[in-house]
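Asker:
Residue numbers (my numbering): 1 to 31.
(1) I need the straight-line Cα distance from residue 25 to residue 17, nearest angstrom please.
(2) Between residue 9 and the rest of its own chain, which residues show a CB-CB distance below 6 Å, the 5 nearest in sequence each way excluded?
(3) Got a sec, what are the start and stop residues for the alpha helix (DSSP H) residue 22 sits in?
(4) Given this structure, state the Cα-to-Cα distance separating residue 3 from residue 20, to the nearest angstrom.
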């Protein structure tokens with residue numbers, strides 16, 4: 001159960017990182 005929780009937490013962190021990357025790329029393209 002503890003492992004599963006940390007797995008989910010890790011996936012959520014990765015997803016946030018990806019969204020941040022996407023916003024960064026969009027801003028670069030928009031310039």
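Glycine included, every Cβ here is placed at the ideal spot set by N, Cα and C. These numbers come from a predicted model, not from an experiment.
Answerer: Judging by the given coordinates:
(1) 12 Å
(2) none
(3) 2 to 30
(4) 26 Å
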